[in-house]
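A.B. asks:
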Amino acid sequence: MKPYLFLAAGLLGLAALTPPLRAADIGDPAAPLKIAEWIKGSPVSLADAKGKKIVVVEFWATWCPPCRTSIPHLTELAKRFKDKDVVIIGVSDEKPSVVKPFVEKMGEKMDYVVAIDDANATAEGYMRAYNQNGIPHAFIVDKAGLVVWHGHPMGGLDKALEEVVTGKLDLTVVRRRASAETKLQEYYQLVSTGRNDAKAAELEKELLDLDRELGGIQPGQKFNPEEIRQRVRFSRVLREYQQALAGENVDTAKLGELEKALTEMAPPGFELASFKQQMNAQKLFTDYMREATGEAGEAKLADLGKKLAGLESRDAQLLNFIAWTLLTDENIKKRDVPLASKFAKAAYDASEGKDASIVDTYARALFDSGKVQDAIREQKKAIELCTDDAMRTELEANLKTYEARAAGK
100 MKPYLFLAAG
110 LLGLAALTPP
120 LRAADIGDPA
130 APLKIAEWIK
140 GSPVSLADAK
150 GKKIVVVEFW
160 ATWCPPCRTS
170 IPHLTELAKR
180 FKDKDVVIIG
190 VSDEKPSVVK
200 PFVEKMGEKM
210 DYVVAIDDAN
220 ATAEGYMRAY
230 NQNGIPHAFI
240 VDKAGLVVWH
250 GHPMGGLDKA
260 LEEVVTGKLD
270 LTVVRRRASA
280 ETKLQEYYQL
290 VSTGRNDAKA
300 AELEKELLDL
310 DRELGGIQPG
320 QKFNPEEIRQ
330 RVRFSRVLRE
340 YQQALAGENV
350 DTAKLGELEK
360 ALTEMAPPGF
370 ELASFKQQMN
380 AQKLFTDYMR
390 EATGEAGEAK
400 LADLGKKLAG
410 LESRDAQLLN
420 FIAWTLLTDE
430 NIKKRDVPLA
440 SKFAKAAYDA
450 SEGKDASIVD
460 TYARALFDSG
470 KVQDAIREQK
480 KAIELCTDDA
490 MRTELEANLK
500 TYEARAAGK
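So for the sequence shown, my numbering puts the first residue at 100; every next one is plus one.
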């Protein structure tokens, strides 16, 4: 996946952050981390880390597809640099009630520190300070407490980290590339709005020159204006398609036209059927949760539950997320355990019972259904599959709960 082609995907996440009077620069002191809640891992203080640790601060959100794509890569980097004084922190501005279940179900696939921003205060010190409004976006803070690199987590972070660790990072090149990436964001915005074609043409020429000079604005990738324009056009049609799907009165003829256009201009890896399925799942689940956490009557909730139960998907992580939320969300007033169990079993089958986090969810569904011995069996299996120490501790605690119930305690 080409990170710079997906800048537009995360632009809405931090749109409320207005540009600072003076943008921060590479080599400036890092802003302190202002965290409302630490979701996973030990709290990190940049003051305490100074002289001891290299800290990666990454901004992300559960709703952001490119962010979710970056998570396994960040986990791999956390493991790779674990013994080289590197700490990775993922910072979200979402509510803990949204982030916690997501992180729990990711388990060892999201194996680094996760935190909730304190009223966007951390984003102000990084994203806003460096004129960045697209996520995911990562910043490297070296042992001197200086920001020495920032960019897409899958756009050179691994190489930059290696250079920081070995003392080979060239700040002059990093500053040049950071400036080029800012210009690239500006180019995206101009192309996507269709405003000021003259400025866009001027920026395009400048970016082509910078791309040649730097060997890629994004390391290992070539700046391709036509490809970017095509992606922007695709994003525009995709947004229109999303709105059409979400409308009350769906115009099937219009949908057909949009689907034809999307199929013709789709980038590699995009599958319309899969996207449509995800959109449908999102709408069904959102509708159900709104009523389940509100004051819905039993008949309406039952109808929405029936529609949600009809969801067809082989996406194990999606199914698992739905199941876990239905089983554990504290805001649900009328919990439908059979519905949650259906999704837990579907996730279990889709993953062939080989994912510790998913097996844990399935065990919880069995337990809540009164099938305690079956829950114990599956929980033991989850523990066997688990390779993450922190997660294993949680799974073992769950097992003790199930065994206590079996013993009549």
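Backbone N, C-alpha and C define an ideal beta-carbon position, used for all residues, glycine too.
By how many angstroms is the C-alpha of Lys139 removed from the C-alpha of Ser196?
C.D. replies: Within the sequence shown, the letter at position 97 stands for residue 196. Within the sequence shown, the letter at position 40 stands for residue 139. One C-alpha to the other measures close to 13 Å.
A.B. asks: With DSSP collapsed to three states, give me the class of Asp147.
C.D. replies: Against the sequence shown, residue 147 aligns to sequence position 48. Residue state, collapsed to three classes: helix.
A.B. asks: Within 10 angstroms of the Cβ of Asn295, are there 16 or more other Cβ atoms? Answer buried if so, exposed if not.
C.D. replies: For the purposes of this step, residue 295 is taken as the residue at position 196 of the sequence shown. Result: exposed.
A.B. asks: With a cut-off of 8 Å on the beta carbons, I'd call Leu383 and Lys406 a contact; round off their distance for me.
C.D. replies: Walking along the sequence shown from the start, residue 383 turns up at place 284. Walking along the sequence shown from the start, residue 406 turns up at place 307. The pair is a contact, with the Cβ atoms about 6 Å apart (cut-off 8 Å).
A.B. asks: Let me check one thing: in DSSP terms, what residues is Ala237 bridge-paired to?
C.D. replies: Mapped onto the sequence shown, residue 237 falls at position 138. Glu157 and Gly250.
A.B. asks: Alpha carbon to alpha carbon, how far is Phe238 from Tyr225? Give it in angstroms, no decimals.
C.D. replies: Along the sequence shown, read from residue 1 onward, the residue named residue 225 stands at position 126. Along the sequence shown, read from residue 1 onward, the residue named residue 238 stands at position 139. Distance between the alpha carbons of Tyr225 and Phe238: 8 Å.
A.B. asks: Smallest Cα separation from Gly206: which of Glu285, Lys194, Thr174 and Arg335?
C.D. replies: Here residue 206 is taken as the residue at index 107 of the sequence shown, counted from 1. Looking at the Cα atoms, Thr174 is the closest of the given residues.
A.B. asks: Could you tell me whether the Cβ atoms of Glu477 and Leu465 are closer together than 8 Å?
C.D. replies: Here the question's residue 477 lines up with position 378 in the sequence shown. Here the question's residue 465 lines up with position 366 in the sequence shown. Yes; because the gap between Cβ atoms is below 8 Å, this pair is in contact.
A.B. asks: Does the beta-carbon of Pro367 have 16 or more other beta-carbons within 10 angstroms, so that it is buried, or is it exposed?
C.D. replies: Position 268 of the sequence shown holds residue 367. Exposed, by the Cβ-count rule.
A.B. asks: Taking DSSP as the reference, what is the three-state secondary structure of Asp210?
C.D. replies: As a working mapping, residue 210 is identified with position 111 in the sequence shown. If DSSP states are grouped into helix, strand and coil, Asp210 belongs with coil.
A.B. asks: Straight-line CA distance for Thr271 to Glu356?
C.D. replies: On the sequence shown, position 172 is the one that residue 271 refers to. On the sequence shown, position 257 is the one that residue 356 refers to. Approximately 49 Å between the Cα atoms of the pair.
A.B. asks: Between which two residues does the beta strand (DSSP E) harbouring Glu136 extend?
C.D. replies: Counting from one through the sequence shown, the residue named residue 136 turns up at place 37. It spans Ile134 to Lys139 - the beta strand (DSSP E) in which Glu136 sits, taken as one unbroken run.
A.B. asks: What's the C-alpha gap between Gln416 and Ala297?
C.D. replies: If you number the sequence shown from 1, residue 416 lands on position 317. If you number the sequence shown from 1, residue 297 lands on position 198. Roughly 45 Å between the two C-alpha positions.
A.B. asks: Compute the Euclidean distance between the alpha carbons of Met490 and Glu429, then round it to the nearest angstrom.
C.D. replies: Residue 490 sits at position 391 when you count from the first residue of the sequence shown. Residue 429 sits at position 330 when you count from the first residue of the sequence shown. Met490 and Glu429: Cα-Cα distance of roughly 21 Å.
A.B. asks: Figure out for me which residue from Leu425, Val198, Lys208 and Leu306 has the closest Cα to the Cα of Asp487.
C.D. replies: Stepping through the sequence shown from its first residue, residue 487 is reached at position 388. Of the listed residues, the one whose Cα sits closest to Asp487 is Lys208.
A.B. asks: Please report the Cβ distance between Leu337 and Leu354, rounded to the nearest whole angstrom; I am assuming they are in contact, meaning their Cβ atoms lie under 8 Å.
C.D. replies: Here residue 337 refers to the residue found at position 238 when the sequence shown is read from its first residue. Here residue 354 refers to the residue found at position 255 when the sequence shown is read from its first residue. Actually they do not touch by this definition, with Cβ atoms about 13 Å apart.
A.B. asks: Note the first and the last residue of the continuous beta strand (DSSP E) segment covering Val190.
C.D. replies: Position 91 of the sequence shown holds residue 190. Here the beta strand (DSSP E) through Val190 covers Val185 to Ser191.
A.B. asks: Could you check whether the segment 157-166 touches the segment 282-293, counting it as contact only if at least three pairs of C-beta atoms, one from each stretch, sit closer than 8 Å?
C.D. replies: With the cut-off at 8 Å, the segment 157-166 and the segment 282-293 do not touch.
A.B. asks: Would DSSP call Asp216 helix, strand or coil?
C.D. replies: Translated into the one-based positions of the sequence shown, residue 216 becomes position 117. Strand.
A.B. asks: Between the alpha carbons of Ala392 and Leu498, how many angstroms are there, rounded?
C.D. replies: In the sequence shown, residue 392 corresponds to position 293, counting from 1. In the sequence shown, residue 498 corresponds to position 399, counting from 1. The sequence given here has Thr at residue 392, not Ala. If you take the alpha carbons of Thr392 and Leu498, they lie about 28 Å apart.
A.B. asks: Does DSSP classify Leu245 as helix, strand or coil?
C.D. replies: Walking along the sequence shown from the start, residue 245 turns up at place 146. Strand.
A.B. asks: Measuring straight from C-alpha to C-alpha, what distance separates Ala300 and Leu306?
C.D. replies: Here residue 300 corresponds to residue number 201 of the sequence shown, with the count starting at 1. Here residue 306 corresponds to residue number 207 of the sequence shown, with the count starting at 1. Rounded to whole angstroms, Ala300 to Leu306 spans 10 Å at the Cα level.
A.B. asks: What separation, rounded to the nearest whole angstrom, lies between the Cα atoms of Ala506 and Thr500?
C.D. replies: One-based indexing of the sequence shown puts residue 506 at position 407. One-based indexing of the sequence shown puts residue 500 at position 401. Looking at the two C-alpha atoms, the distance is approximately 10 Å.
A.B. asks: Comparing C-alpha positions only, which one of Leu371, Gly315, Ile482 and Asp473 sits nearest to Arg504?
C.D. replies: Locating residue 504 in the sequence shown gives position 405, counting from the first residue. Minimum Cα distance to Arg504 is reached at Asp473.
A.B. asks: Near Glu363, what residues of its chain come up, given a Cβ to Cβ distance below 6 Å and the 5 sequence neighbours on each side ignored?
C.D. replies: Sequence index remark: in the sequence shown, residue 363 carries index 264 (1-based). Answer for Glu363: no residue qualifies.
A.B. asks: Between Lys151 and Lys242, what straight-line distance do the alpha-carbon atoms span, to the nearest angstrom?
C.D. replies: For this step, residue 151 is matched to residue 52 along the sequence shown. For this step, residue 242 is matched to residue 143 along the sequence shown. Between Lys151 and Lys242, the C-alpha separation is close to 6 Å.
A.B. asks: Per DSSP, Pro128 forms a beta bridge with which residues?
C.D. replies: The residue given as residue 128 occupies position 29 in the sequence shown. Partner(s): Leu245.
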